[in-house]
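Chains as they are written, first to last, in my numbering: chain Y, 10 to 301; chain C, 39 to 353.
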């Protein structure tokens, strides 16, 4: 009986012979390092930032980049580098909590739509369709219209706007898992429906959901900074990138760094997250792996 | 096929009704009493009750909803509290044409640029071209559009002085000036969409080019260009139309940002202004309009499938 063991080892050895994910995907690795850099900036903002992000100074208004203020100052004399570093904190914290709301809502709605059949499923699907009929930014604007402005309101607005996309993917995953033989077998063994959901379906959609969460971080950051850019998200003098870009918009002809620096920070983070997201999807998404 | 179309239309109607209930609730959930807002600070209880009855706010909520829906469908969208103008005529005559012109230009531009790039990628799969275009597509999709707009203004309008910076000139009044004003906004808005179209076109084309009928066409000695653009292109139309329909929402939301960057007086400016001015009726109109546009375009996309793919007509 013990002799049968060696063949079972073979499949576990195979991944080890493959080159590491980081070597195979140099751009992914680079993008991941950039994204982690932003996370570090956000975590240790008070230690890294050379100035207080909301410290205004009449002597140092609209100083060009270089010298004492590495990335220049804005029209209030606030140091742009410090504001960008603190801005990373706001961007990532807002995105984190917004995604928490979106993923939770999507998990509930998507699982419900995926597990029900007939009329209930039809109604739930139309409900998801209705949420998806509004682009996330417009939905967020509508929520902001009711709640008002502020960091906490932006979190709720962006979170609600992400429920629709999350429920759609969760439903697809639930449908896929439910059609598997082990779920059918569990049903035939007259294991209760709730146990099947808890023991078989939820664990199997957890991983694709985690992939979705990482992929959607950039979307949350984009929508929250868009709200701030429109002037209806977080309120000044919060160091938010969208807000900083909007403030610099009027000075673009003679102080382009005011919009340019936070804009480049936002673009860099979003592009890095897009590369990371693509890499994660291609490596870990079972649907994409099956297609290759 | 007709039964399927009818089912689809029914689904769409239900979705529209759910969206309308949500939009109606927006006004109910909004802080502040509309009667108080309209009357200002000084009013008597009689005038309050009178206006409340006049607005129908003393009736049951369901009745209020039906009345509101009837008004909405017949084009009576109420008056803006602040501007005291009729919202329907403002939206339809002023805001909507701006947004639709911008959106249409951006979509056309994105198709004109994105489809050829996607086809080149697919035909020269894994070449330097493919990698370069993929990198461009990724950057285009991820780059925040409102910042791109500012960069374009900074470069083309301030540095080079080639394009007018801001404002909207209706192309139906002065075509060339209007188009010149639209170049930068349309380029801004289409960038992310170009990336999307490139990716979809490439993926669909790669799949189609592997089909036996393509090999057969090549074996018959048909010219390469004809194989790609006639046999191949005909078969990627469906995913292409689908992505255009599904991304319409993203384009409309991009239009909101683009309009703000370039100071175009469209739906986006109206929405932001409405939120800042606490004009909930205007927010509601914007939300209803965006959702209705999106839903109807996607219904059209759905109903167009049998025309794009004859195989679906049999069903």
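All residues carry an ideal CB built from backbone N, CA and C; glycine is no exception.
DSSP places residue 240 of chain C inside the alpha helix (DSSP H), whose first and last residues are 213-247.
Taking 7 Å as the cut-off between beta carbons, the residues of the region 244-267 of chain Y near chain C are 254, 258, 261, 262 and 265, in sequence order. For chain C, the residues of the region 127-141 of chain Y that bring a beta carbon within less than 7 Å of one of its beta carbons are 135, 136, 138 and 139, in chain order. Per DSSP, the unbroken alpha helix (DSSP H) holding residue 214 of chain Y starts and ends at 211-238.
Residue 298 of chain C has a beta carbon lying within less than 8 Å of a beta carbon in chain Y. A buried status is given to residue 222 of chain C, since no fewer than 16 other beta-carbon atoms sit within 10 Å of its beta-carbon.
Residue-level contact by beta carbon holds for residue 314 of chain C and chain Y, with a gap shorter than 8 Å.
Between the region 220-232 of chain Y and the region 103-120 of chain Y, the count of Cβ pairs shorter than 8 Å is three or higher; the stretches touch.
Residue-level contact by beta carbon fails for residue 80 of chain Y and chain C, as no gap is shorter than 8 Å. Every alpha helix (DSSP H) stretch that sits fully inside the region 67-100 of chain C and reaches 4 residues is listed by chain position as 72-77 and 83-92. Excluding the 5 residues flanking it on each side, residue 105 of chain C has same chain C-beta neighbours closer than 7 Å at 94, in chain order. When secondary structure is reduced to three states using DSSP, residue 116 of chain C falls in the coil class, being assigned neither helix nor strand.
When the Cα atoms are used, residue 46 of chain Y and residue 96 of chain Y turn out to be separated by approximately 13 Å. Around the beta carbon of residue 146 of chain C, fewer than 16 other beta carbons lie within 10 angstroms, which makes this residue exposed. The beta carbon of residue 154 of chain Y sits closer than 8 Å to some beta carbon of chain C. A direct Cα-Cα distance of roughly 58 Å separates residue 39 of chain Y from residue 78 of chain C. Of all residues in the region 31-60 of chain Y, those with a C-beta nearer than 9 Å to a C-beta of chain C are 36, reading in chain order.
Residue 53 of chain Y and residue 217 of chain Y have their C-alpha atoms spaced approximately 31 Å apart. For residue 78 of chain Y, the beta-bridge partners assigned by DSSP are Y:75. If the five residues before and after residue 195 of chain Y are omitted, its C-beta is found closer than 7 Å to the C-beta atoms of 205 and 209, all from its own chain and listed in chain order.
The three-state reading of DSSP puts residue 340 of chain C in helix, counting H, G and I together.
In the three-state reduction of the DSSP assignment, residue 168 of chain C falls in the helix class, which pools H, G and I. As a beta-bridge residue in DSSP terms, residue 124 of chain C pairs with C:117.
Any Cβ of chain Y closer than 8 Å to the Cβ of residue 180 of chain C would place that residue at the interface, and such an atom is present.
With contacts defined by Cβ atoms closer than 8 Å, residue 163 of chain Y and residue 268 of chain Y do not form a contacting pair.
Within chain Y, the C-beta atoms nearer than 8 Å to that of residue 191 of chain C come from 261, in chain order. Rounded to the nearest whole angstrom, the CA to CA distance from residue 269 of chain C to residue 174 of chain Y is 34 Å. The straight-line gap separating the alpha-carbon atoms of residue 65 of chain Y and residue 65 of chain C is approximately 40 Å. In the three-state scheme derived from DSSP, where H, G and I count as helix and E and B as strand, residue 88 of chain Y is classed as strand.
In the assembly as shown, residue 182 of chain C is a buried residue. Its beta-carbon has 16 or more other beta-carbons within 10 Å. The C-alpha of residue 307 of chain C lies about 27 Å from the C-alpha of residue 93 of chain Y.
Under the Cβ distance rule, residue 235 of chain C does not count among the residues neighbouring chain Y, no pair being separated by less than 8 Å.
Contact with chain Y is found for residue 185 of chain C, since one of that chain's Cβ atoms lies less than 8 Å from the residue's Cβ. For residue 169 of chain C, the closest of C:240, C:333 and C:150 by C-alpha to C-alpha distance is C:240. A Cβ-Cβ separation of about 34 Å leaves residue 290 of chain C out of contact with residue 62 of chain Y under the 8 Å criterion. Contact annotation: in the region 200-233 of chain Y, residues whose CB is within less than 8 Å of a CB in chain C are 227 and 231.
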